[in-house]
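Using this note's numbering, the first residue of the sequence shown is number 111, and each one after it goes up by one.
Contents: one structure, followed by commentary.
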Amino acid sequence: MKCKELLKGLSYECIRGNIDCEINKVTYDSRKLSQGCMFICISGYVVDGHSFAYEAAQKGAAAIVAEKDVEIPKDSDTVIIRVEDTRYAMAFISAAYFGHPADRLKVIGVTGTKGKTTTTYLIKSILEQAGYKVGLVGTIETIIGDKHIPANNTTPESFLLQKYFKEMEEEGCQIVVMEVASQGLKLHRTQGFTFEIGIFTNLEPDHIGPNEHADFEEYQYCKGLLFKQCRLGIVNKDDAHVDAVLKGHTCQIETYGFDSSADLYAENLKLVNKPGELGIDFAVKGKMDFEVEVPTPGRFSVYNALTAISVCRHFKVEIPQIQKALLGAHVKGRIEMVPVSDQFTLLIDYAHNAMSLKSLLTTLREYNPTRLVCLFGCGGNRSKLRRYEMGEVSGTYADLTIITSDNPRFEKPQDIIDDIKIGIGKTEGKYIEICNRKEAIAYAISHGQPGDIIVLAGKGHEDYQEIEGVKYPMDERVLIKEILMERH
C-alpha cells in the first residue's frame, strides 16, 4: 500500500523523503519493527515511541510518523512524516490500513460512568435474538463469532480496534456494540470512523487522577466527544450532566429515562423476588408500549434495559424478541446470580469502589433481605482512601461485612484488611475478617440464613488473583462449585 493512501484525510507534513513509498506493515510497537514498515511514534505515559525512531530506520522502516523531532541515521532513506498528534493520526492510518471496515458495519458506542458493560451485552443479546450477527468490544472481552479475546483496556488502541473491526466484517458481523471509555475518547482511539449510534448512560466523578483525567470537567468533556462522532445519540434524560455532555453535539438526539417527557420511559416498577433470584418488572412507554421483566435488581437495571430497547427499536426488533432476550440475558460478574440455595440469594458483582458498592447495596436493600451480607477486599498498591471509603459504605449498608483479600499485588493482604477496618470502624456495622478468599466465601455460604442476600463484591468477571506480580487462577464461580462439592 502506498504511504500517501494511508495518510488520506490527515493534515501532515512530509519533512524527509517521498510519500509515494510502499508500506507493507503498520506498527506502533517497537518490538515489531521490520523492513518496509510504517512506524508510528506514540508518546506513552511510561515509554516514548519517538526514542525508537533511530532503531526503526536502522531496521529498514519505510516511513516514520512523529509529532516531534526524531533522529535517524544520515544515510537512511526512511520517510519522516510530521503530524500534530500521532495518536489521532494512528486512528486514521489504521482505518485505511484495514480498508475502513467500520464503514460497512453499524457501530454502536456506549459511554458513561456505570452500566457500559451490562448495556453492551443486553444490546448484543436482543439483536442476536432478532437474527443479527453482532461483534462486541468491552471491559471483559472482545467477541468475534465464537472467539472470545480477554481485554486489556475497555477501549483498545485504534490499531487493534480497526483490526477487530476487520475480523468482525470477515466473520459476517453486521453490527458491533462497544464500550467507549472517556480515556479512549481522550486518546483518539475511536477516531477514523463514525458511530451509527452513541449512547450516554450516566456520569459521576471517577477516573480523575494521574494518567487519567485532570478534573471532572475534562472527564465530562471527553465523554461528550462521542456525540460529535455519531449519527444518532441516545441519552439518559434523568442524568444531571446530560446537557453538559451534549454541549456542541453534531448528531440527532433521543432520550430515555423515568421522566415521562423522554422518548422512551419506564413506569409501574415492581420488584421480583424469587428464591435465589432478584429482578424487576416494568412498563415501557413513549415510542413503544409493552411490559418487560429483567432478571437483575434495581433501578439501574431498568436504565440498562431501557438503553438497550432504545437502540434495538432502530433495528426493527419485535417486542416478543426484546422480552425474551432481556429475560435470558446474563452478564458475567455484573449482579450475577449464582444458584446455591433456595433459602438465600448469592450474587457476584464487580463493584470495586465506594460509589459502585453503595449503589449495589442500596439497591439490594430494597428487596428487604433478612440480612444483607457483603464480602469484599481491596486491591493492593492502590489508594488507601478507597479502602476507608469501601469499609465505611459496607459498614453502613450491610448487616454483616466479611473482609477478605482481593488482588493484594505487592502489599500484605492483612495490611489492606487493616485499612478497610479503619473505614468500618466509623460505623456500627458488624464484620469478621477471613483473609483467604475461598475460606471467606465458604463461611458466607455455610452461614447463609433464609432470606439473606449475600454479595461477593470486587472481583466480578476477573478469573485471577494478582499476588507479587503473578496472576494466579481464581474464579469465584469455580470456588463456589468446589465449596459446594466439599460440603457434600
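The beta carbon of each residue, even a glycine, is placed where N, CA and C say it ideally should be.
**OP:** Would you mind working out which of Ala212, Glu177, Leu474 and Glu586 sits nearest Ile390, comparing C-alpha positions?
**Re:** One-based indexing of the sequence shown puts residue 390 at position 280. Looking from the CA of Ile390, the closest CA among Ala212, Glu177, Leu474 and Glu586 belongs to Leu474.
Original post:
Who are the Cβ neighbours of Lys581 in its own chain at under 7 angstroms, not counting the five residues just before and after it?
Top reply: If you number the sequence shown from 1, residue 581 lands on position 471. Taken in chain order, the residues that qualify are Tyr574.
**OP:** Name the residue from Leu436, Ala206 and Phe269 whose alpha carbon lies nearest to the alpha carbon of Asp139.
**Re:** Counting from one through the sequence shown, the residue named residue 139 turns up at place 29. For the residues Leu436, Ala206 and Phe269, the minimum Cα distance to Asp139 belongs to Phe269.
Original post:
Among the residues of its own chain, which have a CB less than 8 angstroms from the CB of Ile590, if the five just before and after it don't count?
Top reply: Within the sequence shown, the letter at position 480 stands for residue 590. In its chain, beyond the 5 residues on either side, Val448, Val450, Leu456, Ile551 and Ile555 have a beta carbon closer than 8 angstroms to the beta carbon of Ile590.
**OP:** With DSSP as the reference, label Asn414 as helix, strand or coil.
**Re:** Mapped onto the sequence shown, residue 414 falls at position 304. DSSP places Asn414 in helix when its eight states are reduced to three.
Original post:
Are there 16 or more other CB atoms within 10 angstroms of the CB of Leu381, so buried, or fewer, so exposed?
Top reply: Counting from 1 along the sequence shown, the entry for residue 381 is found at position 271. Result: exposed.
Original post:
CA-CA distance, Leu237 and Gln433?
Top reply: Position 127 of the sequence shown, counted from the start, is the residue given in the question as residue 237. Position 323 of the sequence shown, counted from the start, is the residue given in the question as residue 433. Cα to Cα, the separation comes out at about 12 angstroms.
Subject >> Inter-stretch contact (C-beta, 8 angstroms, three-pair minimum) for the region 117-129 and the region 189-199 >> reply: Contact between the region 117-129 and the region 189-199 is present, because at least three Cβ pairs lie under 8 angstroms.
**OP:** Mark Thr304 as exposed unless 16 or more other C-beta atoms lie within 10 angstroms of its C-beta, in which case mark it buried.
**Re:** Reading the sequence shown from its first residue, position 194 is the one you call residue 304. Taking every protein chain shown into account, the CB of Thr304 has fewer than 16 other CB atoms within 10 angstroms, so this residue is exposed.
**OP:** Return the bridge partner residues of Pro560 from the DSSP annotation.
**Re:** Position 450 of the sequence shown holds residue 560. DSSP lists no bridge partner for Pro560.
Original post:
In terms of residues, what are the limits of the alpha helix (DSSP H) holding Arg497?
Top reply: By one-based count along the sequence shown, residue 497 stands at place 387. Looking at the DSSP string, the run of the alpha helix (DSSP H) that includes Arg497 is Lys494 to Tyr507.
Original post:
Per DSSP, which one or two residues make a beta bridge with Glu428?
Top reply: Looking up residue 428 in the sequence shown gives position 318. Residue pairing of Glu428 in beta bridges, as defined by DSSP: absent, with no partner found.
**OP:** Keeping to the same chain, check which residues put their C-beta closer than 8 angstroms to that of Asp187; ignore five residues upstream and five downstream.
**Re:** Counting from one through the sequence shown, the residue named residue 187 turns up at place 77. Contacts found: Gly127.
**OP:** Tell whether a beta-carbon distance below 9 angstroms holds between Cys501 and Arg519.
**Re:** Numbered from its first residue, the sequence shown carries residue 501 at position 391. Numbered from its first residue, the sequence shown carries residue 519 at position 409. The sequence as given places Gly at residue 501; Cys does not occur at that position. Result no, Cβ atoms of Gly501 and Arg519 do not sit closer than 9 angstroms.
**OP:** Return the bridge partner residues of Ile307 from the DSSP annotation.
**Re:** Here the question's residue 307 lines up with position 197 in the sequence shown. Among the bridge pairs identified by DSSP, Ile307 is matched with Ile218 and Leu342.
Subject >> Unbroken alpha helix (DSSP H) run spanning Tyr198, endpoints >> reply: By 1-based counting over the sequence shown, the position of residue 198 is 88. That run of the alpha helix (DSSP H) goes Thr196 to Tyr207.
Subject >> Where the alpha helix (DSSP H) through Thr227 begins and ends >> reply: Position 117 of the sequence shown, counting from 1, holds the residue named residue 227. DSSP places Thr227 in the uninterrupted alpha helix (DSSP H) bounded by Lys226 to Gln239.
**OP:** Can you grab the Cα-Cα spacing for the pair Glu572 / Asn263, in whole Å?
**Re:** Here residue 572 refers to the residue found at position 462 of the sequence shown. Here residue 263 refers to the residue found at position 153 of the sequence shown. Cα-Cα distance, rounded: 14 angstroms.
Original post:
Within this structure, are the beta carbons of Val355 and Asp459 separated by less than 9 angstroms?
Top reply: Taking the first residue of the sequence shown as 1, we reach residue 355 at position 245. Taking the first residue of the sequence shown as 1, we reach residue 459 at position 349. Going by C-beta atoms, Val355 is not nearer than 9 angstroms to Asp459.
Subject >> Residue environment, Asp349, which counts as buried when at least 16 other CB atoms sit within 10 Å >> reply: Counting from one through the sequence shown, the residue named residue 349 turns up at place 239. Counting other Cβ atoms within 10 Å of its Cβ, Asp349 reaches 16 or more and is therefore classed as buried.
Subject >> Supposed contact pair Val441 and Ile87 - C-beta distance, whole angstroms, cut 8 angstroms >> reply: Outside the modelled stretch of the chain, which goes from 111 to 598, sits residue 87, for which no answer is possible.
Original post:
Are Tyr507 and Thr472 closer than 9 angstroms when you measure CB to CB?
Top reply: As a first step, residue 507 must be located in the sequence shown, where it is residue number 397. As a first step, residue 472 must be located in the sequence shown, where it is residue number 362. Yes, these two residues count as a Cβ contact at 9 angstroms.
Original post:
For Lys234 versus Ile253, is the C-beta spacing smaller than 9 angstroms?
Top reply: Within the sequence shown, numbered from 1, the residue matching residue 234 stands at position 124. Within the sequence shown, numbered from 1, the residue matching residue 253 stands at position 143. In contact: Lys234 and Ile253 (Cβ atoms closer than 9 angstroms).
Subject >> C-alpha gap between Arg214 and Phe337, whole angstroms >> reply: Counting from one through the sequence shown, the residue named residue 214 turns up at place 104. Counting from one through the sequence shown, the residue named residue 337 turns up at place 227. If I take the Cα positions, the gap works out to 20 angstroms.
Original post:
Over what stretch of residues does the beta strand (DSSP E) that includes Met288 continue unbroken?
Top reply: One-based indexing of the sequence shown puts residue 288 at position 178. Ile285 to Glu289 is the span of the beta strand (DSSP E), which, as asked, contains Met288.
**OP:** Mind checking who His351 pairs with in its DSSP beta bridge?
**Re:** The residue given as residue 351 occupies position 241 in the sequence shown. For His351, DSSP assigns no beta-bridge partner whatsoever.
Original post:
If we count the other Cβ atoms within 10 Å of its Cβ and call it buried at 16 or more, is Val412 buried or exposed?
Top reply: Here residue 412 refers to the residue found at position 302 when the sequence shown is read from its first residue. By the 10 Å Cβ count, Val412 comes out buried.
Subject >> Beta-bridge pairing of Gly568 - partner residues as DSSP gives them >> reply: Here residue 568 refers to the residue found at position 458 when the sequence shown is read from its first residue. Looking at the DSSP output, Gly568 shares a beta bridge with no other residue.
**OP:** For Asp585, verify whether its CB is less than 8 angstroms away from any heavy atom of the ligand ADP.
**Re:** Among the ligands in the structure shown, none appear at all, so the ligand ADP cannot be discussed.
**OP:** State the beta-bridge partners of Thr137 as determined by DSSP.
**Re:** Residue 137 sits at position 27 when you count from the first residue of the sequence shown. According to DSSP, Thr137 bridges with Phe149.
Original post:
Is it true that the region 330-346 meets the region 215-234, where meeting means three or more beta-carbon pairs spaced less than 8 angstroms apart?
Top reply: Contact holds: three or more Cβ-Cβ distances are below 8 angstroms.
Original post:
Using CA coordinates, which residue listed in Lys276, Ile203 and Thr511 is at the minimum distance from Gly487?
Top reply: Taking the first residue of the sequence shown as 1, we reach residue 487 at position 377. Residue Thr511 is the option with its Cα nearest to Gly487.
Subject >> Whole alpha helix (DSSP H) elements within the region 247-285, 4-residue minimum >> reply: Secondary structure remark: continuous alpha helix (DSSP H) runs of at least 4 residues inside the region 247-285, in chain order: 268-280.
Subject >> Continuous beta strand (DSSP E) stretch holding Phe400: start and end >> reply: Here residue 400 corresponds to residue number 290 of the sequence shown, with the count starting at 1. It spans Phe400 to Val404 - the beta strand (DSSP E) in which Phe400 sits, taken as one unbroken run.
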